[in-house]
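Take 62 as the starting number for the sequence shown in my numbering and just add one per residue. Cβ atoms here follow ideal geometry from the backbone N, Cα and C, with glycine treated the same way.
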Amino acid sequence: MSLQLKMTLTRAATLRNNKNKKKETSTLLPPQPLEQPCQLPQQQSTQPQQGTSSALGGGSHQQDEGTHTQTSSQRKNTRGRTVGAGTCDVVKKRKSLIPIRMDPSQKLVATIEAQKLFVSEIGLITRNKAPLNVLGMKKVSLEMKKDMALGLQFMFDVDLTDPDIWKFITDHMHSTYKEWKAKLHRHYKQYASDPDLARETPPPEKIFGTRRTLEEWHYLVDTLYTNEQYQKRCKTNAENRKKKEFDHTGGSRPFLKHMEAAREKGENPTYISNWNNMHILKGKSMWINEAAEIKGKKMNEEYEKAKQQVAESSGTPLDQVTLPIHNN
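Below is the structure:
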C-alpha cells in the first residue's frame, strides 16, 4: 500500500470518527443551559446586607441593573448568571454579594481575595459570552460589553458606572479575550494543513467551553483564520513575543497584590525584592533565565549603591537606611 493511500485512509477514518463523536454527544451543539445560580436568602438576592464586611472588603450600596436596547435574542447570548463554583461558595458563606471597591493607589480591587474572584469571573463571562466573529474586543460594542458585565452583579456588589471599575473590567475583558482567542488559534494550527479536518476537530471543552457551538468554530476556521488582517496581526504578535526577554512566576496576580500578600505575612518587601521573587523559580532558588538574573542583580547593585551614598551623606548607619522604590 502506497504512503499516499495510507494517508488518505487515515484522514477518512479521522473524519468519520469525529462525525460519530459529534452524533454521540451534544457538548457543542446545542449550547449547554446556564448553570444554576447561587441561592441566597430572598432579601439578599438583589443586594447585599447593609454593613456587611469581611476580608473581601466592607460596605455595600444599591445595585442598578440599568437599561438596554438589545433584542431578546441578543440578550440571551450576553446577560446571565455565569458564575464559577469558587465564587458561588464564597457568596453562600457570606450570605451576601461580594463587595468590589477599588484601591485608588493601585488601580486594583481593594483586597487580594476579592481581586482574584472578580478577575476570574470577568474571564469566565468573557469566554462564555463574547462574540467570536470579531477580530478583538475593541470591535465589540459598548452596549454588549455593558450587557455582559451585568452578569457580574449576580455575585458582586459592584458599581458598573464607576469609571475606575469599568476600566478595570474592560481591561480584563480585552486581555482575557486575546489570550483565549490565541489558544483557539493554536489548536487550529495543528490541523491548518487540512481545512476539512480542522472544521471537524473543534477544541476540547477545557479550551472552547461548554456553551460554544460547532457553527462558531466553523466561522473561525472558514472566515477569521483566513482573514488577511488577522493573519498579519498574528504574525506581529508572534514577532513581539520573540522580543520578550523573560516572563515571571507570579501567575495572574498583579505584582502589587503579591507585595500586599507579603505584608500580610509580616514581611516588608520592596519593589526590587518583590520583582526578584517573581523571577525566581519556586522552590529552586534559581533565576528563570540569564536575562532575568542580569536585570535582578543590576537592580540590587544600584539599590545598594544608592543606600551607601545616603548613608555617607547623612551619617546614618547603612543598616538603617531605607529607600522608597516604586515601579515608574
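If you draw a straight line from the alpha carbon of Glu-126 to that of Asn-189, how long is it in whole angstroms?
Residue confidence for Glu-126 is low, a pLDDT of 32 falling below 50, so the modelled location carries little weight; the figure read from the coordinates is stated next. Rounded to the nearest whole angstrom, the C-alpha separation of Glu-126 and Asn-189 is 20 Å.
As assigned by DSSP and simplified to three states, the class of Met-209
The answer is helix: DSSP assigns Met-209 an H, G or I state.
Skipping 5 residues on each side, what residues in its chain have a beta carbon closer than 6 Å to that of Trp-241?
Here the set comprises Arg-188.
Residue interval of the alpha helix (DSSP H) (run including Met-360)
351 to 375
From Gln-214, Leu-281, Leu-185, Ala-243, residue whose alpha carbon lies closest to that of Glu-15
This structure does not reach residue 15, given that the chain is present from 62 up to 389, and the question cannot be answered.
Inter-stretch contact (C-beta, 8 Å, three-pair minimum) for the segment 160 to 171 and the segment 228 to 246
yes
Pairwise C-alpha distance: Glu-365 and Gly-197:
45 Å
Does the segment 276 to 293 come into contact with the segment 244 to 256, if we say contact requires no fewer than three beta-carbon pairs (one atom in each stretch) closer than 8 Å?
A contact exists between the segment 276 to 293 and the segment 244 to 256.
Looking at the structure shown, is Asp-255 part of a helix, part of a strand, or coil, going by DSSP?
coil
Backbone secondary structure at Leu-185 - three-state DSSP:
Leu-185 falls in the helix class under three-state DSSP.
Can you tell me whether DSSP reads Asp-150 as helix, strand or coil?
helix
Just reading off the alpha helix (DSSP H) that Arg-247 is part of, what are its end residues?
224 to 250
Contact between the segment 148 to 157 and the segment 205 to 214: three or more CB pairs below 8 Å?
no
When the Cα atoms are used, what is the spatial distance from Met-320 to Tyr-332?
8 Å
Alpha carbons only, please: which of Ala-243, Glu-182, His-235, Arg-247 is nearest the one belonging to Val-219?
It is Glu-182.
Applying the criterion that 16 or more other CB atoms from any shown protein chain within 10 Å of the CB defines a buried residue, is Arg-324 buried or exposed?
exposed
So for Asp-283, helix, strand or coil by DSSP?
helix
Alpha-carbon to alpha-carbon, Gly-184 and Thr-271
A direct Cα-Cα distance of roughly 15 Å separates Thr-271 from Gly-184.
Reference Cys-149; option with closest CA among Phe-217, Val-201, Leu-193
Phe-217
Identified DSSP bridge partners for Phe-217:
DSSP output for Phe-217 lists Ile-159 as bridge partner(s).
Report the residue from Ser-236, Ile-268, Asp-225, Ile-186 whose alpha carbon sits nearest the alpha carbon of Leu-245.
Ile-268
Can you tell me which of Leu-158, Trp-278, Arg-247 puts its alpha carbon nearest to the alpha carbon of Val-195?
Trp-278
Other residues of its chain near Phe-179: CB distance less than 7 Å, five sequence neighbours each side excluded:
Ile-161, Val-170, Phe-217
C-alpha gap between Gln-105 and Lys-177, whole angstroms
In this prediction, Gln-105 scores a pLDDT of 43, lower than 50, which makes its location untrustworthy; the coordinate-derived value is nonetheless stated afterwards. Looking at the two C-alpha atoms, the distance is approximately 23 Å.
Using only the alpha-carbon positions, how far apart do Gln-292 and Ala-243 sit?
12 Å
Under the rule that 16 or more other beta-carbon atoms within 10 Å means buried, what is Ile-186, buried or exposed?
buried
Cβ of Val-382 within 9 Å of Cβ of Lys-368?
yes
Which one of Asp-257, Pro-264, Met-234, His-235 has the shortest CA to CA distance from His-248?
Pro-264
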